[in-house]
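Numbering (my numbering), first residue to last: -8 to 287.
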């Protein structure tokens, strides 16, 4: 007779408390073994090798975000540094240009001081205030006027020689007409021969003309013209111009000389105004009337 077997629907195993106790004991044992001996190092390395790809996959989004953020920060930093370098380059270029300009002005001022030591007249150092925008006249406006003792008619010089003549004065500014202005004339003398002439502002820009010459005048290209001192306004011996060429016309019997000024008002900002006596000569005293009674 076959024995009836009962079917068990649920398998019974260790209780949960027992399993917990076993796992706690196992964990404590592993901790003690791992603390005292290095037996578990191979197992730990093997587990780390197996888990490394999964760790990289899980950390990939964070690494990508950090990489994009660092790239953006580096690009912004590079752009900022580029702008700072560009600004620094411009500032250094301005400083260099300003330093070169100051060095040039200092050199010109030293030359002016040497000129001031050679002239006997008192002088006033002036600086160009502005240049009037007039194509038909060659004038400069200076930053000093009658308050500094400047009067109309006083000559203006630089280290090269005569620059022009004061034509208008206000209390704090003065205006000078350059030698090349067509309204300026100056008594000159040929340094080589001593011949006295009159130089005028030329019709050619930047040139002087010596007019009313005879065709056989003793004047040659390269001759230096200096002030003759006639008239009293321009002291004698100051450089004026150098003769470029002499146009002789045998048919009319006259000649015209063209010269280049030795001063350079277009290059400099500082000049000297010579404080010469520009007051008009006093009128002669009236003679006694013929109707006065004679002494007896």
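Glycine is no exception: its CB is placed at the ideal position from the N, C-alpha and C atoms.
Residue i - partner residues in DSSP beta bridges
i, result
"residue 133", "119 and 165"
"residue 189", "178"
"residue 153", "148"
"residue 245", "205 and 240"
"residue 288", "With the chain represented from -8 up to 287, any question about residue 288 goes unanswered, as that position is not in the structure."
"residue 200", "191 and 249"
"residue 215", "233"
"residue 159", "166"
Alpha carbon of residue i to alpha carbon of residue j, nearest angstrom
i, j, result
"residue 33", "residue 11", "27 angstroms"
"residue 233", "residue 239", "18 angstroms"
"residue 13", "residue 42", "26 angstroms"
"residue 46", "residue 17", "27 angstroms"
"residue 228", "residue 241", "32 angstroms"
"residue 20", "residue 40", "24 angstroms"
"residue 297", "residue 175", "In the structure as shown, the chain starts at -8 and stops at 287, and residue 297 therefore has no counterpart that could be examined."
"residue 82", "residue 76", "10 angstroms"
"residue 142", "residue 125", "23 angstroms"
"residue 130", "residue 177", "16 angstroms"
"residue 215", "residue 257", "21 angstroms"
"residue 167", "residue 67", "56 angstroms"
"residue 27", "residue 37", "20 angstroms"
"residue 145", "residue 70", "59 angstroms"
"residue 116", "residue 260", "10 angstroms"
"residue 35", "residue 62", "36 angstroms"
Residue i burial status per 10 Å Cβ neighbour count (16 or more: buried)
i, result
"residue 223", "exposed"
"residue 52", "exposed"
"residue 340", "Past the edges of the chain, shown from -8 to 287, lies residue 340, and the structure says nothing about it."
"residue 58", "exposed"
"residue 205", "exposed"
"residue 195", "exposed"
"residue 297", "The first residue shown for the chain is -8 and the last is 287, placing residue 297 beyond what the model contains."
"residue 286", "Because the pLDDT at residue 286 is just 39, under 50, the model does not fix this residue reliably, and the point stays unresolved."
"residue 163", "exposed"
"residue 50", "exposed"
"residue 149", "buried"
"residue 262", "buried"
"residue 225", "buried"
"residue 288", "Only positions -8 to 287 of the chain appear in the structure, and residue 288 is not among them; the question remains open."
"residue 6", "exposed"
"residue 264", "buried"
"residue 48", "exposed"
"residue 15", "exposed"
"residue 157", "buried"
"residue 219", "buried"
"residue 305", "Past the boundaries of the shown model lies residue 305; the chain is included only from -8 to 287, so the question cannot be answered."
Contact set for residue i: own chain, Cβ-Cβ below 6 angstroms, skip 5 residues either direction
i, result
"residue 86", "none"
"residue 255", "151"
"residue 123", "130"
"residue 173", "192"
"residue 246", "204, 206, 208, 237 and 239"
"residue 8", "none"
"residue 113", "266"
"residue 118", "134, 260 and 261"
"residue 221", "178"
"residue 147", "154, 155, 167, 262 and 264"
Own chain residues within Cβ distance below 8 angstroms of residue i, not counting five before or after
i, result
"residue 90", "none"
"residue 189", "176, 177, 178, 179, 201, 202 and 203"
"residue 284", "Confidence at residue 284 is low in this model, with a pLDDT of 41, below 50, so its placement is unreliable and the value that follows should be read with caution. Closer than 8 angstroms at Cβ, skipping near neighbours: no residue."
"residue 72", "none"
"residue 22", "none"
"residue 30", "24"
Beta-carbon proximity list for residue i, same chain, < 7 angstroms, skipping 5 on both sides
i, result
"residue 184", "209"
"residue 160", "136, 137, 141, 142 and 143"
"residue 235", "212, 249, 250 and 251"
"residue 120", "132, 133, 134 and 164"
Those runs of the beta strand (DSSP E) which lie wholly inside the segment 3 to 69 and span at least 3 residues: none
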